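Undergrad: Numbering (my numbering), first residue to last: 28 to 224. Where is the CB? At the ideal position from N, CA and C, for every residue including glycine. This one's a predicted model, so the numbers in the text were calculated from it and none came from an experiment. Let me give you the structure first, and then I'll get to my questions.
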Amino acid sequence: MPPIENDTGKNDLKSQIQLLIDSNQVMVFSKSYCPYCVKVKDLFKELKLEFNVMELDLIEDGTNYQDMLLEMTGQKSVPNVFINKTHVGGCDKTLQAHKDGSLQQLLSAETEAYDYDLIVSGGGSGGLACSKEAAALGKKAMVLDYVVPTPKGTTWGLGGTCVNVGCIPKKLMHQTAMLGTAIQDARKFRLGDRRER
28 MPPIENDTGK NDLKSQIQLL IDSNQVMVFS KSYCPYCVKV KDLFKELKLE FNVMELDLIE
88 DGTNYQDMLL EMTGQKSVPN VFINKTHVGG CDKTLQAHKD GSLQQLLSAE TEAYDYDLIV
148 SGGGSGGLAC SKEAAALGKK AMVLDYVVPT PKGTTWGLGG TCVNVGCIPK KLMHQTAMLG
208 TAIQDARKFR LGDRRER
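Dropping the structure here:
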């Protein structure tokens, strides 16, 4: 098949490749006669892993696939291995990943998708108000809140500095102290004294 010249054809091909990568835990772009591809496929068979293989030399537009893979990954050669949507590389990198244990980590990685309508950065009063409003409107919101521990190692959850250690606790403690003083003063003026006079 001739090379793809137009952007629509390239985008379609890229989408097809991405769909293969996304829908298979292990995806190998290979050539049937390549000894390095055989090594990688043998490794996956030995590990008793299900894997999907596309033999680029056996399909009509295999060169277009290989050109698009080069554009997507920067790797010209085969095998071109993807595990859980992560590009591993060729034969050497796949074998090395098996040797150092990173292949197993990739295989056991969580593949849960995180799908949110709104991501709020900051769990202060404004961030919480924003996420509550989004939830009230039926949207799925995620709040990101990072707290640098104090020198004593104190951290806190949602609410931000203002709610947890800033102006609101300060005002609350100040008001509490004022109420305590007011109650003591009231006794001096016999306010609230229930005894008959």
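For Leu85, which residues in the same chain have their Cβ closer than 7 Å to its Cβ, ignoring the five residues on either side in sequence?
TA: Translated into the one-based positions of the sequence shown, residue 85 becomes position 58. The answer, listed in chain order, is Ser59.
Undergrad: Please confirm if the segment 69-78 is in contact with the segment 41-54, defined as three or more CB-CB distances below 8 Å between the two stretches.
TA: Yes, the segment 69-78 touches the segment 41-54.
Undergrad: Pop quiz: Phe71 and Pro106 are said to be a contact at Cβ under 8 Å. What is the actual Cβ separation, rounded to whole angstroms?
TA: Taking the first residue of the sequence shown as position 1, residue 71 is located at position 44. Taking the first residue of the sequence shown as position 1, residue 106 is located at position 79. In fact, because the Cβ distance is near 10 Å, the residues do not count as touching under 8 Å.
Undergrad: Classify Glu82 as helix, strand or coil using the three-state DSSP reduction.
TA: Position 55 of the sequence shown, counted from the start, is the residue given in the question as residue 82. If DSSP states are grouped into helix, strand and coil, Glu82 belongs with the strands.
Undergrad: If you check the beta carbons only, do Ile48 and Phe109 fall under 8 Å apart?
TA: By one-based count along the sequence shown, residue 48 stands at place 21. By one-based count along the sequence shown, residue 109 stands at place 82. Yes, they are a contact pair.
Undergrad: Let me know the secondary structure DSSP gives Val67 once reduced to three states.
TA: For the purposes of this step, residue 67 is taken as residue 40 along the sequence shown, with counting starting at 1. Here Val67 sits in helix by DSSP.
Undergrad: Counting only the same chain and skipping the five closest in sequence on each side, list residues whose C-beta sits under 7 Å from that of Leu97.
TA: One-based indexing of the sequence shown puts residue 97 at position 70. If we look at Leu97 and ignore the five residues flanking it on each side, its Cβ neighbours are Lys103.
Undergrad: State the start and end residues of the unbroken alpha helix (DSSP H) segment that holds Asn107.
TA: Reading the sequence shown from its first residue, position 80 is the one you call residue 107. No alpha helix (DSSP H) holds Asn107; the beta strand (DSSP E) holding it covers 107-110.
Undergrad: Which whole-angstrom value describes the C-beta separation of Gly95 and Lys41, a residue pair presumed to lie in contact below a C-beta threshold of 8 Å?
TA: As a working note, residue 95 is residue 68 in the sequence shown. As a working note, residue 41 is residue 14 in the sequence shown. According to the sequence displayed, residue 95 carries Met and not Gly. Confirmed, Cβ separation roughly 6 Å.
Undergrad: With DSSP run on the structure shown, which of helix, strand or coil describes Ala168?
TA: Start at 1 with the first residue of the sequence shown, and residue 168 comes out as number 141. Strand at Ala168.
Undergrad: According to DSSP, is Leu134 helix, strand or coil?
TA: By 1-based counting over the sequence shown, the position of residue 134 is 107. Correct three-state label for Leu134: helix.
Undergrad: Just how far apart, CA to CA, sit Asp34 and Asn111?
TA: Your numbering for residue 34 matches position 7 in the sequence shown. Your numbering for residue 111 matches position 84 in the sequence shown. Roughly 27 Å separates the two Cα atoms.
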